[in-house]
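In my numbering, the protein residues as written are 1 to 241.
Structure representation (structure tokens):
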């Protein structure tokens with residue numbers, strides 16, 4: 001039975017857009033003071049503009065506005081164009097006119113810091129699924145990852161058993177172990193594998209932490225392809241992963 005996810009208003013992205021517009025307004029207000037045009041008369045006066053900190057504000061205002069509007073607020077503009085409902089069926093998903101069959105997906109990548117899911121198909125097209133635009137986003141992510149993972153997992157296992165090294169973006173996997181930056185990490189040398197969240201300002205970065213031979217490696221999970229398949233392969237080979 002198809003599962004439907006309704007479109008929801010992205011409040012966080014909307015507030016980021018408002019913050020960016022406020023930064024642009026502040027920049028314009030300060031730039032207009034020399035021309036004796038005061039659009040913020042009670043906050044910005046000729047005396048305030050003479051402060052050394054004013055230059056610092058001017059330098060940061062536009063980059064901050066671009067970051068807030070174009071990066072953090074991009075989901076709001078996507079929401080304006082998004083359909084009312086996204087449908088996940090047994091064989092694929094439909095979002096407006098975009099229909100993606102799970103059997104055609106060759107690469108899945110979760111951009112954790114933006115909560116976007118990228119689905120690349122055999123013809124090279126990529127669908128960006130902005131999870132925060134839909135209700136029950138965690139369930140939606142799980143549904144798509146499970147469906148795509150089920151399709152890809154058998155092919156990965158077949159290739160590994162035939163002696164290939166299967167690429168998962170920042171990592172590779174073969175019968176002997178994991179490959180990271182051209183170096184083989186043998187299964188027997190791996191002590192632990194876990195996920196870790198690191199907060200940096202407004203962003204939260206997700207990492208896969210591999211401890212092997214006393215050395216710790218942190219891999220950005222946003223750079224790992226087909227992570228659900230990789231994690232299943234790791235659990236089969238490393239019960240403690």
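A virtual CB, placed ideally from N, CA and C, is assigned to each residue, including glycine.
Alpha carbon to alpha carbon, how far is residue j from residue i? Give it in angstroms, no decimals.
i           : j           : result
residue 167 : residue 225 : 8 Å
residue 232 : residue 39  : 58 Å
residue 107 : residue 171 : 14 Å
residue 182 : residue 176 : 14 Å
residue 91  : residue 132 : 23 Å
residue 156 : residue 29  : 58 Å
residue 147 : residue 197 : 25 Å
residue 238 : residue 66  : 44 Å
residue 31  : residue 68  : 21 Å
residue 24  : residue 64  : 9 Å
residue 27  : residue 204 : 29 Å
residue 223 : residue 169 : 6 Å
residue 21  : residue 120 : 34 Å
residue 70  : residue 188 : 45 Å
residue 102 : residue 78  : 23 Å
residue 217 : residue 190 : 11 Å
residue 124 : residue 13  : 29 Å
residue 15  : residue 1   : 36 Å
residue 93  : residue 136 : 15 Å
residue 62  : residue 114 : 21 Å
residue 10  : residue 126 : 22 Å
residue 95  : residue 134 : 11 Å
residue 206 : residue 158 : 29 Å
So, residue i versus residue j, is the Cβ gap smaller than 8 Å?
i           : j           : result
residue 185 : residue 219 : no
residue 179 : residue 165 : yes
residue 3   : residue 100 : no
residue 153 : residue 229 : yes
residue 173 : residue 193 : no
residue 221 : residue 112 : yes
residue 161 : residue 86  : no
residue 122 : residue 104 : yes
residue 151 : residue 117 : no
Exposed or buried, residue i, counting other C-beta atoms within 10 Å across all chains shown (16 or more means buried)?
i           : result
residue 227 : buried
residue 75  : buried
residue 72  : buried
residue 34  : exposed
residue 17  : buried
residue 59  : exposed
residue 37  : exposed
residue 163 : exposed
residue 234 : buried
residue 149 : buried
residue 142 : exposed
residue 80  : exposed
Hey, could you find the ends of the alpha helix (DSSP H) residue i is sitting in?
i           : result
residue 149 : 137 to 161
residue 75  : 74 to 81
residue 19  : 11 to 32
residue 237 : 227 to 237
Assuming residue i and residue j form a contact by the criterion Cβ under 8 Å, report the distance between their Cβ atoms to the nearest whole angstrom.
i         : j          : result
residue 7 : residue 83 : 7 Å
What are the boundary residues of the beta strand (DSSP E) that residue i is part of?
i           : result
residue 251 : A query on residue 251 cannot be resolved here, the shown segment of the chain reaching from 1 to 241 and no further.
residue 185 : 183 to 186
residue 110 : 105 to 111
residue 101 : 98 to 101
residue 218 : 215 to 220
Just to confirm, does residue i get its C-beta within under 7 Å of one of the non-hydrogen atoms of the ligand GDP?
i          : result
residue 29 : This structure does not include the ligand GDP; it has no bound ligands of any sort.
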